[in-house]
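J.: Mind looking over this structure? Questions follow.
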Amino acid sequence: MKFIPVDCDAPRIAIENITPRIDEGQFPVRRVLGDVIRIEADLLSDGHDKLAGEILIRGPNETKFRNTHLEIINNDRWFAELSLTCLGRHRFKVVAWKDVFASLLDDLTKKHLAGQSTRLEIEEGVLLIRETLEHCRPRHKPLLIRLLRTLETPDERERRELLLSDSAVALMRDADLRRFSSSSQIVTLDVEPANAGFASWYEVFPRSQSGDGVRHGTFLDVIGQLPRIAAMGFDVLYFPPIHPIGRANRKGRNNTLTATAGDPGSPYAIGSDEGGHDAIHPELGTMQNFQELRQAAAGVGIALALDFAIQCSPDHPWLRDHKDWFSWRPDGSLRHAENPPKKYEDIVNVEFYAAGAKPDLWLALRDVVQFWVDQGVLLFRVDNPHTKPFPFWEWLIGDIRSRHPDVVFLAEAFTRPKIMYRLAKIGFSQSYTYFTWRNTKAELEAYMTELTTTGVKEFFRPHLFVNTPDINPYFLQNSGRAGHLIRATLGAMLSGLWGMYNGFELCEATPVAGREEYFDSEKYQLKAWNYERPGNIVAEISALNRIRRENPALHSHLGIEFLPADHDQVLYFRRHHADGNTLLIAISLDPFNEYDATIEIPLWRFGIADDGAIDAEDLMRGVSFTWHGKFQPVHFNPAELPFCIWRLTPPMPGTQNV
Numbered sequence: 175m176k177f178i179p180v181d182c183d184a185p186r187i188a189i190e191n192i193t194p195r196i197d198e199g200q201f202p203v204r205r206v207l208g209d210v211i212r213i214e215a216d217l218l219s220d221g222h223d224k225l226a227g228e229i230l231i232r233g234p235n236e237t238k239f240r241n242t243h244l245e246i247i248n249n250d251r252w253f254a255e256l257s258l259t260c261l262g263r264h265r266f267k268v269v270a271w272k273d274v275f276a277s278l279l280d281d282l283t284k285k286h287l288a289g290q291s292t293r294l295e296i297e298e299g300v301l302l303i304r305e306t307l308e309h310c311r312p313r314h315k316p317l318l319i320r321l322l323r324t325l326e327t328p329d330e331r332e333r334r335e336l337l338l339s340d341s342a343v344a345l346m347r348d349a350d351l352r353r354f355s356s357s358s359q360i361v362t363l364d365v366e367p368a369n370a371g372f373a374s375w376y377e378v379f380p381r382s383q384s385g386d387g388v389r390h391g392t393f394l395d396v397i398g399q400l401p402r403i404a405a406m407g408f409d410v411l412y413f414p415p416i417h418p419i420g421r422a423n424r425k426g427r428n429n430t431l432t433a434t435a436g437d438p439g440s441p442y443a444i445g446s447d448e449g450g451h452d453a454i455h456p457e458l459g460t461m462q463n464f465q466e467l468r469q470a471a472a473g474v475g476i477a478l479a480l481d482f483a484i485q486c487s488p489d490h491p492w493l494r495d496h497k498d499w500f501s502w503r504p505d506g507s508l509r510h511a512e513n514p515p516k517k518y519e520d521i522v523n524v525e526f527y528a529a530g531a532k533p534d535l536w537l538a539l540r541d542v543v544q545f546w547v548d549q550g551v552l553l554f555r556v557d558n559p560h561t562k563p564f565p566f567w568e569w570l571i572g573d574i575r576s577r578h579p580d581v582v583f584l585a586e587a588f589t590r591p592k593i594m595y596r597l598a599k600i601g602f603s604q605s606y607t608y609f610t611w612r613n614t615k616a617e618l619e620a621y622m623t624e625l626t627t628t629g630v631k632e633f634f635r636p637h638l639f640v641n642t643p644d645i646n647p648y649f650l651q652n653s654g655r656a657g658h659l660i661r662a663t664l665g666a667m668l669s670g671l672w673g674m675y676n677g678f679e680l681c682e683a684t685p686v687a688g689r690e691e692y693f694d695s696e697k698y699q700l701k702a703w704n705y706e707r708p709g710n711i712v713a714e715i716s717a718l719n720r721i722r723r724e725n726p727a728l729h730s731h732l733g734i735e736f737l738p739a740d741h742d743q744v745l746y747f748r749r750h751h752a753d754g755n756t757l758l759i760a761i762s763l764d765p766f767n768e769y770d771a772t773i774e775i776p777l778w779r780f781g782i783a784d785d786g787a788i789d790a791e792d793l794m795r796g797v798s799f800t801w802h803g804k805f806q807p808v809h810f811n812p813a814e815l816p817f818c819i820w821r822l823t824p825p826m827p828g829t830q831n832v
């Protein structure tokens, strides 16, 4: 006969349902510096004894855990809130134990209220204090001795009140012997810089910033554009690849297969005799010029972001020096890159699992990122990360951020939802999204609800780019100025992260017929932009970015509530922050028609009756007023502004019910 061994020391207290936690702790929860994280857990045990618990957390440079006491919510659910003041990878766990002193006091109180004698409970309390004194830490000894002396009085009422005093409860909680203590598994928490969650990106091709469609632009030309970009309120300036461009199979205008002598080629065809991923295209300038640009940008509050595109021109030095990093075809050729129906004849891809690539290619790519970090670049937009191995990204990002926790990686991953989420789990701070193709009220509400109310909210941050050099959305192609205003407002108001590619503010939308691409694409030619083009929306974009900066409710994609509007073309929602900052935003999704709609003001969120009043300010028009009543009319005119943004002034503190 076979017996199961007795384990009398098995955990008596169960710690369950810890939140937040990703895939049972396999991946880190994501937060940004300055956040307050709320950690919750169920603490369960047999019997009627009181429990106590705490969160133990340790930052990346700490050798010891810090503790925060857990408070009961209800139904065995406990919580604690922690302010995050240090960048990098944190680790926390939940600890729980039987609180014998609290249990004793609970019995004592019940008996006293029932008119029963509490003499024995008081004696048990004294014995428990003496036992604690024998095993406590030195700093508790004098305090416990003093408490025991005060309990020497013969007066039962006085002794009972001493045991129940706040000072005695606090002392015994701190000195508790923690009977039957249990610990959860470690949960990881990644604290990232603030711009991992809140930033406004602006993309330009530096080579088109000379103001001349013939002369190749330089980094110094970009310096001249910084005041304009800063005035619009953008705090990140993002460049497509700035490396030497290959000549083999160079593309001509509009992606033609034959380039003329003056065609600059696509910057995504990286590498030539002048160098590879750690070199600068000579016509842009020198590394010193790049540093001058970076410092000038920092001087006006703008950080530079670079494109990390793991691909090579056939002229890249790696094909000469590291042939075993590539997968060669039987005829000795290399397959060019494809993303059907798009073809990239000027690009070939590395092979991560080729015999000679493990680990040399991986290390070389890590060294490329480290090189640019050493040059002061902390933001990287990664091209098509979903076509590269997950283990590579998890290692590379973890390696870089272990030394530089202020580095941020943006995934340009227009792929299947679960793939996008996996990339976020393994390290990407932000991601492009399906927002680009979500145009109807139902689509936008469903998508943002998924991103803000399901488990992905703990690790996936949507970056809402309204256009890219590769994507000229159909909605923009025929909706004109009003359409560009609509998409800009959606991007800026729905997420803490939004971006636009240069030309959007000019309502540039001329397409390649029947395709979501720009005609005369800047990817294949130099362009001269008239940034004062009539009909531009520069003033409106500047106002949107100002409103974003001034309102904490807009510093994240979280804190969004969709509200009733009686028109299927009106997206209406509330943005709110824990500090009370509350905005109401109504956006017409129709760029062509003028109409009226009725919206519901969420007076109930402030404890105000349906016929009550609340003060509001129209942030685009600079007008303050008072709404009387729950239902209010709104007029939308696409020729003026197809949206409204109001900031509410809540009632006096104590009446808000969010």
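If you want the working numbering, it's the 1-based position in the sequence shown plus 174.
Where a beta carbon is used, it is the ideal one built from N, C-alpha and C, also for glycine.
1. So Leu-535 and Trp-502 are in contact, right, with Cβ under 8 Å, and what is the actual spacing, rounded?
2. My assumption, with CB atoms under 8 Å, is that Arg-424 sits in contact with Ala-453. Please give the rounded CB distance.
3. Is it true that the CB of Val-630 sits closer than 8 Å to the CB of Gly-665?
4. Quick one: Cα of Val-744 to Cα of Val-797, how far?
5. Once DSSP output is grouped into helix, strand and coil, what is the label at Trp-567?
6. Which parts of the stretch 512 to 563 are runs of the alpha helix (DSSP H), unbroken and 4 residues or longer, counting only runs that do not cross its ends?
7. For Pro-738, count neighbouring C-beta atoms within 10 Å of its own C-beta (all shown protein chains included) and say buried if the count is 16 or more, exposed if not.
8. Does Ile-416 pass the burial test, meaning 16 or more other C-beta atoms within 10 Å, or should it be called exposed?
9. At which residue ranges does the stretch 686 to 736 contain complete beta strand (DSSP E) runs of 3 or more residues, listed in the order of the chain?
10. Excluding the 5 residues flanking Arg-723 on each side, which residues of the same chain have their C-beta closer than 8 Å to its C-beta?
11. Can you find the residues in the same chain that come closer than 7 Å, C-beta to C-beta, to Glu-814, ignoring five residues on each side of it along the sequence?
12. Apply the 10 Å Cβ neighbour rule to Asp-694 and answer buried if 16 or more other Cβ atoms are within range, or exposed otherwise.
13. How far does the beta strand (DSSP E) with Leu-659 in it extend, from its first residue to its last?
14. Does the Cβ of Phe-678 have 16 or more other Cβ atoms within 10 Å, making it buried, or fewer, making it exposed?
15. Considering only the alpha carbon of each residue, which of Gly-803, Ile-213, Arg-821 and Asn-767 lies closest to His-809?
16. Let's test the definition: count the other Cβ atoms within 10 Å of the Cβ of Glu-228 and tell me whether it reaches 16, buried, or not, exposed.
17. Below 8 Å, can you find three or more Cβ-Cβ pairs linking the stretch 346 to 362 to the stretch 381 to 391?
18. Find out if the Cβ-Cβ distance for the pair Gly-299, Gly-670 is shorter than 8 Å.
19. With a threshold of 16 other CB atoms inside 10 Å of the CB of Met-175, please say whether the residue is buried or exposed.
20. Could you pull out every residue in the same chain whose Cβ sits closer than 8 Å to the Cβ of Leu-345, ignoring the five residues on either side in sequence?
21. If you drop the 5 nearest sequence neighbours on each side, which residues of the same chain put their C-beta closer than 8 Å to that of Gly-439?
22. I need the boundaries of the beta strand (DSSP E) containing Ser-356, first residue and last residue.
23. For Leu-659, which option in Ser-762, His-741, Arg-749 and Arg-596 has the closest C-alpha, if you only look at C-alpha atoms?
24. Alpha carbons only, please: which of Lys-272, Lys-701 and Glu-335 is nearest the one belonging to Thr-292?
25. Mind checking who Glu-851 pairs with in its DSSP beta bridge?
26. Hey, could you find the ends of the alpha helix (DSSP H) Gly-299 is sitting in?
27. Could you have a look at Ser-798 and say whether DSSP puts it in helix, strand or coil?
28. Check whether the stretch 771 to 785 and the stretch 741 to 760 touch, using three or more Cβ-Cβ pairs below 8 Å as the test.
29. Below 8 Å on the Cβ atoms is my guess for Ile-187 versus Arg-265; work out the distance and round it to an integer in Å.
30. Looking only at its own chain, which residues have a Cβ that is under 8 Å from the Cβ of Asn-719, when we skip the five neighbours before and after it?
31. Is the number of C-beta pairs between the stretch 636 to 656 and the stretch 603 to 614 that are closer than 8 Å three or more?
32. Does the structure place the stretch 270 to 279 close enough to the stretch 211 to 229 that three or more beta carbon pairs sit under 8 Å?
33. On the CB-based measure, 16 or more other CB atoms within 10 Å of its CB, does Ala-471 come out buried or exposed?
34. Touching or not, the stretch 700 to 715 and the stretch 377 to 389, by the rule of three or more beta carbon pairs under 8 Å?
35. Going by the CB atoms, is the gap between Glu-617 and Phe-736 shorter than 8 Å?
36. Could you check which residue in Ser-576, Gln-604 and Asp-580 has the C-alpha nearest to that of His-587?
T.: This is what the structure holds:
1. The residue you call residue 535 lines up with position 361 of the sequence shown. The residue you call residue 502 lines up with position 328 of the sequence shown. Wrong, their Cβ atoms sit about 15 Å apart, outside the cutoff.
2. Counting from one through the sequence shown, the residue named residue 424 turns up at place 250. Counting from one through the sequence shown, the residue named residue 453 turns up at place 279. Their Cβ separation, rounded to whole angstroms, is 17 Å, which puts Arg-424 and Ala-453 out of contact at 8 Å.
3. Taking the sequence shown and counting its residues from 1, the one referred to as residue 665 is at position 491. Taking the sequence shown and counting its residues from 1, the one referred to as residue 630 is at position 456. No, the Cβ-Cβ distance between Gly-665 and Val-630 is not below 8 Å.
4. Your numbering for residue 744 matches position 570 in the sequence shown. Your numbering for residue 797 matches position 623 in the sequence shown. When rounded, the distance between both Cα atoms is 22 Å.
5. Counting from one through the sequence shown, the residue named residue 567 turns up at place 393. Three-state result, Trp-567: helix.
6. 534 to 548
7. As a working mapping, residue 738 is identified with position 564 in the sequence shown. By the C-beta density criterion, Pro-738 is exposed, having fewer than 16 other C-beta atoms within 10 angstroms.
8. Numbered from 1 along the sequence shown, position 242 holds the residue referred to as residue 416. It counts as buried.
9. 734 to 736, all fully within the stretch 686 to 736.
10. The count along the sequence shown starts at 1 and reaches residue 723 at position 549. These residues qualify, in order along the chain: Gly-407.
11. As a working mapping, residue 814 is identified with position 640 in the sequence shown. Answer for Glu-814: no residue qualifies.
12. Translated into positions along the sequence shown, residue 694 becomes position 520. Classification for Asp-694: exposed.
13. Your numbering for residue 659 matches position 485 in the sequence shown. Note, Leu-659: premise wrong, no beta strand (DSSP E); alpha helix (DSSP H) at 654 to 668.
14. Locating residue 678 in the sequence shown gives position 504, where the first residue counts as 1. That one is buried.
15. For this step, residue 809 is matched to residue 635 along the sequence shown. Closest by alpha carbon: Asn-767.
16. As a working mapping, residue 228 is identified with position 54 in the sequence shown. Answer is buried; the Cβ neighbour count reaches 16.
17. no
18. What you label residue 299 is simply residue 125 of the sequence shown in a count that begins at 1. What you label residue 670 is simply residue 496 of the sequence shown in a count that begins at 1. Cβ atoms of Gly-299 and Gly-670: not closer than 8 Å.
19. On the sequence shown, residue 175 is found 1 positions in, with the first residue counted as 1. So Met-175 ends up on the exposed side.
20. Here the question's residue 345 lines up with position 171 in the sequence shown. For Leu-345, where only same-chain residues beyond five positions count, the Cβ hits under 8 Å are His-314, Leu-317, Leu-318 and Leu-321.
21. Within the sequence shown, numbered from 1, the residue matching residue 439 stands at position 265. Excluding sequence neighbours, Gly-439 sits near Ile-419, Gly-420, Arg-421, Arg-424, Lys-425, Ala-433, Asp-520 and Tyr-698.
22. If you number the sequence shown from 1, residue 356 lands on position 182. That run of the beta strand (DSSP E) goes 353 to 357.
23. Residue mapping note: residue 659 aligns to position 485 of the sequence shown, counting from 1. When each option's Cα is compared against that of Leu-659, the closest is Ser-762.
24. One-based indexing of the sequence shown puts residue 292 at position 118. Checked all of Lys-272, Lys-701 and Glu-335; the closest Cα to Thr-292 is Glu-335.
25. Residue 851 is absent from the structure shown; the chain starts at 175 and stops at 832.
26. Position 125 of the sequence shown, counted from the start, is the residue given in the question as residue 299. Note, Gly-299: alpha helix (DSSP H), 293 to 309.
27. Position 624 of the sequence shown, counting from 1, holds the residue named residue 798. Looking at Ser-798 - three-state DSSP - the assignment turns out to be strand.
28. A contact exists between the stretch 771 to 785 and the stretch 741 to 760.
29. To locate residue 187, count along the sequence shown from 1; it is residue 13. To locate residue 265, count along the sequence shown from 1; it is residue 91. Rounded, the Cβ-Cβ distance is 21 Å, inconsistent with contact.
30. Taking the first residue of the sequence shown as 1, we reach residue 719 at position 545. Same-chain partners within the cutoff: Ser-374, Met-406, Gly-407, Phe-408 and Ala-666.
31. yes
32. Touching, yes.
33. The residue given as residue 471 occupies position 297 in the sequence shown. Looking at its Cβ environment, which holds 16 or more other Cβ atoms inside 10 Å, Ala-471 is buried.
34. yes
35. In the sequence shown, counting from the first residue as 1, residue 736 sits at position 562. In the sequence shown, counting from the first residue as 1, residue 617 sits at position 443. In this structure, Glu-617 does not lie closer than 8 Å to Phe-736 by Cβ.
36. Counting from one through the sequence shown, the residue named residue 587 turns up at place 413. According to the sequence as given, residue 587 is Ala; it is not His. Ranking the options by Cα distance to Ala-587, first place goes to Gln-604.
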